[in-house]
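Undergrad: Heads up: the sequence shown runs through residues 1431 to 1577, numbered per my numbering.
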Amino acid sequence: MRQKDLSCVCDAVENINDLQNAVEEQCSTSCYSNLLSPVNTLGDTIPFILYTKKGTPFKAFGNVGGLSAGDCFNTIFFRVEQINGCCATLRLLIAFSEKKDVLDFHKDSACDVFRLEKTDSCIEVDLNCFCSIQCLNPRLINRTHQD
1431 MRQKDLSCVC
1441 DAVENINDLQ
1451 NAVEEQCSTS
1461 CYSNLLSPVN
1471 TLGDTIPFIL
1481 YTKKGTPFKA
1491 FGNVGGLSAG
1501 DCFNTIFFRV
1511 EQINGCCATL
1521 RLLIAFSEKK
1531 DVLDFHKDSA
1541 CDVFRLEKTD
1551 SCIEVDLNCF
1561 CSIQCLNPRL
1571 INRTHQD
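1) Please classify CYS1440 as buried or exposed, where buried requires at least 16 neighbouring CB atoms within 10 angstroms.
2) For CYS1565, does the count of other Cβ atoms within 10 angstroms reach 16, so buried, or fall short, so exposed?
3) Which residue spans inside the stretch 1508-1573 form an unbroken beta strand (DSSP E) run of at least 3?
4) Let me know if SER1467 comes out buried or exposed under the rule of 16 or more other beta-carbons within 10 Å of its beta-carbon.
5) Pairing CB atoms from the stretch 1441-1451 with CB atoms from the stretch 1485-1499, are three or more of them under 8 angstroms?
6) Whole angstroms are fine: how far does the CA of VAL1510 sit from the CA of VAL1443?
The following block contains the structure:
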């Protein structure tokens, strides 16, 4: 068990994980049911960006080698899957433009994102290596033009 308040990034990711898990359980009698009702209607993912100690977004690669359907991609968007102390398993979220093109964060900006989708790619990270976290609107997940 880690000592509380040592890392605001660890605390934030832990809180995101707790919220996502509570939504997934869908327990209507939960003491959190009223707090989570807006999130519950938006899905089970709170996307976020992690920033390195240099102030740049942390980037990860998915589908390296092209062994799954689709091409290799890079992303700065994540969903927490599991957390143990300050170590976390993060699912990579692939980003699309409004024209449905996969974005490349070597040249594209986070401001170009229209839609995020969960992928099968995950990464293990030490949350102590990051200085800040930016939570994003859950409506970005599987967003359509009607949203």
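Even for Gly, the Cβ is constructed at its ideal location relative to N, Cα and C.
Being a predicted model, the structure only gives us computed values, none of them experimental.
TA: For this structure:
1) Against the sequence shown, residue 1440 aligns to sequence position 10. Buried, by the Cβ-count rule.
2) Sequence index remark: in the sequence shown, residue 1565 carries index 135 (1-based). The Cβ neighbour count for CYS1565, taken over all protein chains shown within 10 Å, is under 16; the residue is labelled exposed.
3) Listed in chain order, they are 1517-1526, 1545-1556, 1560-1565.
4) Here the question's residue 1467 lines up with position 37 in the sequence shown. For SER1467, the predicted structure reports a pLDDT of 49, less than 50, and the residue's modelled location is therefore unreliable. The matter cannot be settled from this model.
5) Fewer than three beta-carbon pairs drawn from the stretch 1441-1451 and the stretch 1485-1499 are found closer than 8 angstroms, and the two stretches are therefore not classed as touching.
6) Here residue 1443 corresponds to residue number 13 of the sequence shown, with the count starting at 1. Here residue 1510 corresponds to residue number 80 of the sequence shown, with the count starting at 1. In a straight line, the C-alpha of VAL1443 is about 7 angstroms away from that of VAL1510.
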